[in-house]
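Enquirer: First the structure, then my questions, so here it is.
Number of protein chains: 4
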Amino acid sequence: MTKPTPKRAWGQAIQNRDEQFEMKRQVVLRTAARTYSDRGFHETTLADIADELNISKPTLYYYFKNKDEILFECHRLGIEAITDGDTPMPPAGTCTGRERLEEFLRRYVRMVLDDFGTCLVMTGTNALEPKNRGRVIEGRRKIDQMLRDILQEGVRDGTLDCPDPKMTAMFVFGAMNWLPRWYHHDGGLSVDALSARLIAFVMRAIAADRCDR
Amino acid sequence: MTKPTPKRAWGQAIQNRDEQFEMKRQVVLRTAARTYSDRGFHETTLADIADELNISKPTLYYYFKNKDEILFECHRLGIEAITDGDTPMPPAGTCTGRERLEEFLRRYVRMVLDDFGTCLVMTGTNALEPKNRGRVIEGRRKIDQMLRDILQEGVRDGTLDCPDPKMTAMFVFGAMNWLPRWYHHDGGLSVDALSARLIAFVMRAIAADRCDR
Amino acid sequence: MTKPTPKRAWGQAIQNRDEQFEMKRQVVLRTAARTYSDRGFHETTLADIADELNISKPTLYYYFKNKDEILFECHRLGIEAITDGDTPMPPAGTCTGRERLEEFLRRYVRMVLDDFGTCLVMTGTNALEPKNRGRVIEGRRKIDQMLRDILQEGVRDGTLDCPDPKMTAMFVFGAMNWLPRWYHHDGGLSVDALSARLIAFVMRAIAADRCDR
Amino acid sequence: MTKPTPKRAWGQAIQNRDEQFEMKRQVVLRTAARTYSDRGFHETTLADIADELNISKPTLYYYFKNKDEILFECHRLGIEAITDGDTPMPPAGTCTGRERLEEFLRRYVRMVLDDFGTCLVMTGTNALEPKNRGRVIEGRRKIDQMLRDILQEGVRDGTLDCPDPKMTAMFVFGAMNWLPRWYHHDGGLSVDALSARLIAFVMRAIAADRCDR
DNA sequence: AATGAATGAGCATTCATTCAT
DNA sequence: AATGAATGAATGCTCATTCAT
Numbered sequence: 002m003t004k005p006t007p008k009r010a011w012g013q014a015i016q017n018r019d020e021q022f023e024m025k026r027q028v029v030l031r032t033a034a035r036t037y038s039d040r041g042f043h044e045t046t047l048a049d050i051a052d053e054l055n056i057s058k059p060t061l062y063y064y065f066k067n068k069d070e071i072l073f074e075c076h077r078l079g080i081e082a083i084t085d086g087d088t089p090m091p092p093a094g095t096c097t098g099r100e101r102l103e104e105f106l107r108r109y110v111r112m113v114l115d116d117f118g119t120c121l122v123m124t125g126t127n128a129l130e131p132k133n134r135g136r137v138i139e140g141r142r143k144i145d146q147m148l149r150d151i152l153q154e155g156v157r158d159g160t161l162d163c164p165d166p167k168m169t170a171m172f173v174f175g176a177m178n179w180l181p182r183w184y185h186h187d188g189g190l191s192v193d194a195l196s197a198r199l200i201a202f203v204m205r206a207i208a209a210d211r212c213d214r
Numbered sequence: 002m003t004k005p006t007p008k009r010a011w012g013q014a015i016q017n018r019d020e021q022f023e024m025k026r027q028v029v030l031r032t033a034a035r036t037y038s039d040r041g042f043h044e045t046t047l048a049d050i051a052d053e054l055n056i057s058k059p060t061l062y063y064y065f066k067n068k069d070e071i072l073f074e075c076h077r078l079g080i081e082a083i084t085d086g087d088t089p090m091p092p093a094g095t096c097t098g099r100e101r102l103e104e105f106l107r108r109y110v111r112m113v114l115d116d117f118g119t120c121l122v123m124t125g126t127n128a129l130e131p132k133n134r135g136r137v138i139e140g141r142r143k144i145d146q147m148l149r150d151i152l153q154e155g156v157r158d159g160t161l162d163c164p165d166p167k168m169t170a171m172f173v174f175g176a177m178n179w180l181p182r183w184y185h186h187d188g189g190l191s192v193d194a195l196s197a198r199l200i201a202f203v204m205r206a207i208a209a210d211r212c213d214r
Numbered sequence: 002m003t004k005p006t007p008k009r010a011w012g013q014a015i016q017n018r019d020e021q022f023e024m025k026r027q028v029v030l031r032t033a034a035r036t037y038s039d040r041g042f043h044e045t046t047l048a049d050i051a052d053e054l055n056i057s058k059p060t061l062y063y064y065f066k067n068k069d070e071i072l073f074e075c076h077r078l079g080i081e082a083i084t085d086g087d088t089p090m091p092p093a094g095t096c097t098g099r100e101r102l103e104e105f106l107r108r109y110v111r112m113v114l115d116d117f118g119t120c121l122v123m124t125g126t127n128a129l130e131p132k133n134r135g136r137v138i139e140g141r142r143k144i145d146q147m148l149r150d151i152l153q154e155g156v157r158d159g160t161l162d163c164p165d166p167k168m169t170a171m172f173v174f175g176a177m178n179w180l181p182r183w184y185h186h187d188g189g190l191s192v193d194a195l196s197a198r199l200i201a202f203v204m205r206a207i208a209a210d211r212c213d214r
Numbered sequence: 002m003t004k005p006t007p008k009r010a011w012g013q014a015i016q017n018r019d020e021q022f023e024m025k026r027q028v029v030l031r032t033a034a035r036t037y038s039d040r041g042f043h044e045t046t047l048a049d050i051a052d053e054l055n056i057s058k059p060t061l062y063y064y065f066k067n068k069d070e071i072l073f074e075c076h077r078l079g080i081e082a083i084t085d086g087d088t089p090m091p092p093a094g095t096c097t098g099r100e101r102l103e104e105f106l107r108r109y110v111r112m113v114l115d116d117f118g119t120c121l122v123m124t125g126t127n128a129l130e131p132k133n134r135g136r137v138i139e140g141r142r143k144i145d146q147m148l149r150d151i152l153q154e155g156v157r158d159g160t161l162d163c164p165d166p167k168m169t170a171m172f173v174f175g176a177m178n179w180l181p182r183w184y185h186h187d188g189g190l191s192v193d194a195l196s197a198r199l200i201a202f203v204m205r206a207i208a209a210d211r212c213d214r
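Residue numbers (our numbering), protein chains in the order written: chain A, 2 to 214; chain B, 2 to 214; chain C, 2 to 214; chain D, 2 to 214.
Encoded structure:
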């Protein structure tokens with residue numbers, strides 16, 4: 002249960018200050034994520050972002066400590082999209098490793114094609130200040146581990162057959178992290194169709210029942 | 002027959018001026034490629050490169066027109082490593098698509114883990130001036146096409162089974178282009194071993210005879 | 002009637018932002034014009050100008066696009082001082098060519114001894130970017146033409162006697178454009194006295210009634 | 002009497018080392034003078050000059066101490082063309098001031114339209130090191146004085162009528178120093194014709210017998 | 001007599017960031 | 001809540017000059 006929204010005059014129509022603040026912050030982040038992904042972090046100036054939003058440069062500092070923090074928040078949101086997804090990953094044991102793998106891939110593809118996920122895999126962490134950088138790396142490590150665990154689970158329960166889960170995980174991440182570099186949302190292929198294709202590809206490579214397709 | 006190298010005093014040990022020039026140029030390029038890959042192009046200053054080589058900044062301009070050209074040459078060398086490799090790709094028809102695929106993957110993996118190949122897939126082309134950028138993009142397009150053609154050939158000759166060669170190619174490129182981000186030369190895994198693993202992974206996914214392994 | 006200035010608190014004493022901006026811009030321009038004239042354009046660094054104004058170098062970029070634009074604006078102001086003077090040149094026909102010539106010379110001398118006029122005749126246009134350069138050259142051409150037209154008019158109406166108006170104009174411009182190289186404002190000679198002398202010199206050379214002085 | 006040229010094998014056809022040295026030096030100077038006049042001193046790089054001569058940059062240092070000295074020599078040659086002309090100015094007393102004035106103007110015009118003279122009046126002396134700069138300024142001062150003296154002489158002997166010889170001299174120098182900015186050698190007007198026109202202009206302005214033309 | 005190689009010093013320009021309002 | 005004005009620090013690039021050969 003989430004905590005109940007306090008009742009307000011005018012209902013939901015009128016936002017209070019905090020909500021406005023938070024919303025504007027989000028708008029900045031999404032714009033920044035897109036621009037960072039397009040042009041790269043260092044090639045994107047704060048003026049670029051401000052211009053795109055029709056606000057002034059210093060205004061950005063009202064919402065964020067500095068350029069770094071904007072990038073960090075983008076990465077954080079990208080990571081959270083996986084680790085704290087709306088629908089939680091089915092816990093280990095409730096279904097086969099193969100089923101969990103499918104679910105994971107589906108979510109990861111969706112994430113990596115969202116603005117924040119794209120930003121996460123397209124921009125390096127070098128620019129981040131050490132502390133934030135550590136957090137991002139830790140987040141990505143967790144995601145890595147998730148896939149490895151799933152693969153191992155699949156191997157254990159006999160639904161997957163892959164000789165080296167660690168390395169396999171990197172191959173699969175590679176295939177997925179490369180998606181933003183060539184997939185275009187406005188083409189004829191939906192994200193769901195794409196993830197179905199990718200899942201098929203991966204499953205052929207490592208599903209245990211490769212012959213009865 | 003190549004034209005014979007002119008005889009020289011001291012044999013090959015002592016280089017003439019042109020050779021020294023060319024060698025120094027190569028050293029700069031390799032250093033730059035590594036640094037660009039590590040930190041990114043815009044995060045690498047010419048001072049960084051010069052420092053690493055213990056030369057002065059303007060000296061770089063003796064060997065290259067500008068920072069751009071250095072990047073372009075790195076990309077060019079990366080591309081050439083594939084398209085103009087020492088051992089030419091076996092021409093279509095002389096062997097099965099599957100065999101050619103193996104050869105291609107082996108070469109690509111080796112390339113992408115070389116300094117220039119890594120630079121090619123790690124740094125964007127945004128920084129390049131339009132003309133050079135076009136050339137790089139064209140080069141990469143050709144490499145893309147090579148893999149697609151091989152896949153289609155394999156489908157035709159029955160050695161490969163993949164539903165959508167274009168997309169499959171992108172998955173495979175993704176897996177390979179991601180290698181530099183996690184593979185370390187000084188670890189226990191040789192490049193050849195790695196490419197064998199990757200080839201196994203890909204073959205399981207798309208080789209036609211998936212059941213008789 | 003000009004449109005009335007809107008009433009403001011504090012009267013004219015306190016400037017609003019736009020006025021301050023414009024005024025600062027003018028101060029920069031005048032400082033730059035003087036320095037360009039003194040040392041030459043390329044010998045003048047932005048640091049020189051900034052130092053003289055006790056501001057920082059980047060601040061100059063808040064008011065101007067680049068070093069070029071500063072020079073262009075100086076030239077523009079110099080040209081406008083002649084072509085758009087406060088008191089318009091008496092139109093052809095309302096007085097004799099000789100009278101118009103006197104007026105033109107008086108104005109030109111005043112202009113060329115002002116900071117911007119001096120800059121106009123002391124610094125070349127090579128530095129300007131093509132577009133601006135074209136505009137400056139066009140402006141100077143118009144001024145050239147003004148003098149030529151006046152001379153021809155004087156020849157027609159019999160008040161001037163000069164065999165080759167074009168060449169004569171260049172002689173006269175030469176005499177005037179050289180003024181900034183030797184005239185010093187702080188000497189005993191006023192600008193008006195100087196222009197009177199110059200007018201006398203020129204009139205003796207080309208006025209039609211040379212004998213009845 | 003000049004000292005006799007030593008007899009040489011091959012007669013005059015083959016130059017000895019010193020002559021070659023001196024000739025090459027002259028070629029550099031003339032090239033430099035032209036380029037300095039065209040583009041300005043600081044806008045001309047040593048590479049520009051070297052390129053135009055198809056020699057290498059350091060070679061220039063074999064003939065000149067530094068870039069400054071090249072400019073200085075250009076100025077020196079320009080000044081000498083007036084002060085040490087082949088045909089010496091007729092000494093005061095041997096002819097009227099007016100006649101001497103004509104001769105001076107003729108020579109000055111010729112000088113100022115020669116490469117070195119043009120360089121002298123087109124490039125500033127700011128760049129020169131103090132010592133050389135002093136010499137150039139002194140040289141120009143002498144030339145200034147020559148004209149002033151001639152004018153005063155003409156006033157004294159009644160052949161010229163000008164109220165303020167100093168200022169008149171500056172007007173006349175102005176007209177002449179401006180010539181290189183508009184006169185083109187390849188047009189239809191010869192240097193002699195031009196100097197005749199200029200002399201006519203000046204004489205009308207200051208010759209004593211203005212009415213009996 | 002000439003030059004390839006190298007460099008120190010300098011300069012225009014950019015940009016994240018700050019501050020007063 | 002927002003911004004105009006201002007700046008320190010950095011960076012790519014140029015160029016006169018030197019030196020070994």
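Where a beta carbon is used, it is the ideal one built from N, C-alpha and C, also for glycine. Values in this document were obtained by computation on a predicted structure and should not be read as measured data.
1) Give the residues of chain B in contact with Asn1/A, contact being defined as C-beta atoms less than 8 Å apart.
2) How many whole angstroms separate the CB atoms of Leu180/B and Gly175/A, which I take to be in contact at a CB cut-off of 8 Å?
3) Any C-beta of chain A within less than 7 Å: which residues of the segment 42 to 74 of chain B qualify?
4) Short check: CB of Phe65/D to CB of Thr169/C, under 8 Å?
5) Below 8 Å, can you find three or more Cβ-Cβ pairs linking the segment 64 to 81 of chain A to the segment 116 to 132 of chain A?
6) Assess, as a yes-or-no matter, whether the segment 15 to 35 of chain B is touched by the segment 114 to 123 of chain A under the definition of 3 or more beta carbon pairs within less than 8 Å.
7) Mind the definition here: the segment 98 to 112 of chain C touches the segment 142 to 154 of chain C only if three or more C-beta pairs lie below 8 Å; say whether that holds.
8) By a C-beta neighbour count over all protein chains shown, 10 Å radius and 16 as the cutoff for buried, is Ile138/B buried or exposed?
9) Looking at the structure shown, is Ala194/A part of a helix, part of a strand, or coil, going by DSSP?
10) Can you find a C-beta in chain C that's less than 8 Å from the C-beta of Thr169/D?
11) Taking C-beta to C-beta, are Ala197/B and Arg205/A nearer than 8 Å?
12) Are there 16 or more other CB atoms within 10 angstroms of the CB of Val113/A, so buried, or fewer, so exposed?
13) Mind reading off the beta-carbon distance from Val29/B to Leu47/B? Whole number of angstroms is fine, and I expect it under 8 Å.
14) Note down the Cα distance separating Pro164/B from Ala82/B, rounded to an integer number of angstroms.
15) Are Thr124/B and Phe22/B closer than 8 Å when you measure CB to CB?
16) Quick check on this structure: which residue in Ala208/C, Ala209/C, His186/C, Asp193/C has the alpha carbon closest to the alpha carbon of Arg108/C?
17) Cβ atoms of Lys143/C and Thr60/C: under 8 Å apart, would you say?
18) If I follow the unbroken alpha helix (DSSP H) through Ser38/C, where does it start and stop?
19) Can you name the start and end residues of the alpha helix (DSSP H) that Lys167/B belongs to?
20) From the DSSP output, in three-state form, read off Ala208/A for me.
21) Looking at the structure shown, is Leu114/A part of a helix, part of a strand, or coil, going by DSSP?
22) Return yes when the Cβ of Pro166/A is within less than 8 Å of the Cβ of Val173/A, no when it is not.
23) What residues from chain B crowd round Arg149/A, counting only those whose CB sits closer than 8 Å?
24) Can you say whether Gly79/D is buried or exposed, counting buried as having 16 or more other CB atoms within 10 angstroms of its CB?
25) Can you tell me the Cα-Cα spacing of Val122/D and Asn178/D, whole angstroms?
26) Can you check whether the C-beta of Leu121/D is within less than 8 Å of a C-beta belonging to chain C?
27) Taking the alpha carbon of Phe105/A as the point to measure from, which residue in Ile200/A, Ala208/A, Ala209/A has its own alpha carbon closest?
28) My understanding is that Asp158/B touches Thr97/B, with C-beta atoms under 8 Å, so please give their C-beta distance in whole angstroms.
29) Would you call Ser191/D buried or exposed, if buried means 16 or more other Cβ atoms sit within 10 Å of its Cβ?
30) Determine the extent of the alpha helix (DSSP H) in which Leu161/C is found, giving its start and end residues.
31) Taking only beta-carbon atoms, is Met2/D less than 8 Å away from chain C?
32) In the segment 186 to 200 of chain D, which residues sit with their C-beta less than 9 Å from some C-beta in chain C, listed in chain order?
33) Who are the neighbours of Met40/B on chain A, taking C-beta pairs under 9 Å?
34) The alpha helix (DSSP H) that contains His76/D, what's its start and end?
35) Only counting the same chain, and skipping five residues up and downstream in sequence, which positions put a Cβ closer than 8 Å to that of Asp213/C?
Expert: In this structure, then:
1) This structure leaves residue 1/A out entirely; chain A is present only between 2 and 214.
2) Within the second sequence, numbered from 1, the residue matching residue 180/B stands at position 179. Within the first sequence, numbered from 1, the residue matching residue 175/A stands at position 174. Confirmed, Cβ separation roughly 7 Å.
3) Residues His43, Glu44.
4) Within the fourth sequence, the letter at position 64 stands for residue 65/D. Within the third sequence, the letter at position 168 stands for residue 169/C. Between Phe65/D and Thr169/C, the gap from beta carbon to beta carbon reaches 8 Å or more.
5) Three or more beta-carbon pairs separated by less than 8 Å link the segment 64 to 81 of chain A to the segment 116 to 132 of chain A, which places the two stretches in contact.
6) Under the Cβ criterion (8 Å, minimum of three pairs), the segment 114 to 123 of chain A does not count as touching the segment 15 to 35 of chain B.
7) Yes, they touch.
8) For the purposes of this step, residue 138/B is taken as residue 137 along the second sequence, with counting starting at 1. Under a 10 Å Cβ-count criterion, Ile138/B is classified as exposed, with fewer than 16 other Cβ atoms of the shown protein chains found around its own Cβ.
9) To locate residue 194/A, count along the first sequence from 1; it is residue 193. Reduced to three states, the DSSP call for Ala194/A is helix.
10) Within the fourth sequence, residue 169/D is the residue found at index 168, counting from 1. Judged by the 8 Å Cβ criterion, Thr169/D is in contact with chain C.
11) Here residue 197/B refers to the residue found at position 196 when the second sequence is read from its first residue. Here residue 205/A refers to the residue found at position 204 when the first sequence is read from its first residue. Here Ala197/B is not near Arg205/A, since their CB atoms are 8 Å or more apart.
12) Start at 1 with the first residue of the first sequence, and residue 113/A comes out as number 112. Note on Val113/A: 16 or more other CB atoms within 10 angstroms of its CB, so buried under the neighbour-count rule.
13) Looking up residue 29/B in the second sequence gives position 28. Looking up residue 47/B in the second sequence gives position 46. No, Val29/B and Leu47/B are not in contact; Cβ-Cβ is about 10 Å, not under 8 Å.
14) Here residue 164/B refers to the residue found at position 163 of the second sequence. Here residue 82/B refers to the residue found at position 81 of the second sequence. Distance from the CA of Pro164/B to the CA of Ala82/B, rounded to the nearest whole angstrom, comes to 29 Å.
15) Indexing the second sequence from 1 puts residue 124/B at position 123. Indexing the second sequence from 1 puts residue 22/B at position 21. Result no, Cβ atoms of Thr124/B and Phe22/B do not sit closer than 8 Å.
16) Your numbering for residue 108/C matches position 107 in the third sequence. From the listed residues Ala208/C, Ala209/C, His186/C, Asp193/C, the smallest Cα separation to Arg108/C is found for Asp193/C.
17) For the purposes of this step, residue 60/C is identified with residue 59 of the third sequence, where counting begins at 1. For the purposes of this step, residue 143/C is identified with residue 142 of the third sequence, where counting begins at 1. Contact flag unset, no.
18) Locating residue 38/C in the third sequence gives position 37, counting from the first residue. Counting along the chain, Ser38/C sits inside the alpha helix (DSSP H) bounded by residues 18 to 40.
19) Stepping through the second sequence from its first residue, residue 167/B is reached at position 166. That run of the alpha helix (DSSP H) goes 166 to 178.
20) As a first step, residue 208/A is located in the first sequence; it is residue number 207 there, counting from the start. Looking at Ala208/A - three-state DSSP - the assignment turns out to be strand.
21) Here residue 114/A refers to the residue found at position 113 when the first sequence is read from its first residue. Secondary structure at Leu114/A: coil, using DSSP grouped into helix, strand and coil.
22) Here residue 173/A corresponds to residue number 172 of the first sequence, with the count starting at 1. Here residue 166/A corresponds to residue number 165 of the first sequence, with the count starting at 1. Contact check for Val173/A against Pro166/A fails: the beta carbons are separated by 8 Å or more.
23) Taking the first sequence and counting its residues from 1, the one referred to as residue 149/A is at position 148. Against chain B, the beta carbon of Arg149/A has no neighbour under 8 Å; the closest one sits roughly 12 Å away.
24) Along the fourth sequence, read from residue 1 onward, the residue named residue 79/D stands at position 78. Buried, since its Cβ has 16 or more Cβ neighbours within 10 Å.
25) For this step, residue 122/D is matched to residue 121 along the fourth sequence. For this step, residue 178/D is matched to residue 177 along the fourth sequence. For Val122/D and Asn178/D, the gap between their C-alpha atoms comes out near 6 Å.
26) By one-based count along the fourth sequence, residue 121/D stands at place 120. Under the 8 Å criterion on CB atoms, Leu121/D is classed as non-interfacial with respect to chain C.
27) As a working mapping, residue 105/A is identified with position 104 in the first sequence. Of Ile200/A, Ala208/A, Ala209/A, the residue nearest in Cα terms is Ile200/A.
28) For the purposes of this step, residue 158/B is taken as the residue at position 157 of the second sequence. For the purposes of this step, residue 97/B is taken as the residue at position 96 of the second sequence. That belief holds up - the Cβ atoms of Asp158/B and Thr97/B are roughly 6 Å apart, short of 8 Å.
29) Against the fourth sequence, residue 191/D aligns to sequence position 190. Ser191/D is exposed by the Cβ-count criterion.
30) Position 160 of the third sequence, counted from the start, is the residue given in the question as residue 161/C. Run containing Leu161/C: none; DSSP gives neither H nor E here.
31) Here residue 2/D refers to the residue found at position 1 of the fourth sequence. Its pLDDT being 46, under 50, Met2/D is placed unreliably by the model, and the measurement read from it follows with that caveat. Residue-level contact by beta carbon fails for Met2/D and chain C, as no gap is shorter than 8 Å.
32) Of all residues in the segment 186 to 200 of chain D, Leu190, Leu195, Arg198, Leu199 have a Cβ within less than 9 Å of some Cβ in chain C.
33) Residue mapping note: residue 40/B aligns to position 39 of the second sequence, counting from 1. Inspection of the sequence shows that residue 40/B is occupied by Arg rather than by Met. What Arg40/B touches in chain A: Gly125, Asn127.
34) Locating residue 76/D in the fourth sequence gives position 75, counting from the first residue. Per DSSP, His76/D is one residue of the alpha helix (DSSP H) stretching across 68 to 84.
35) Taking the first residue of the third sequence as 1, we reach residue 213/C at position 212. Its pLDDT being 43, under 50, Asp213/C is placed unreliably by the model, and the measurement read from it follows with that caveat. Apart from the 5 residues on each side of it in sequence, Asp213/C has no Cβ closer than 8 Å to any other Cβ in its chain.
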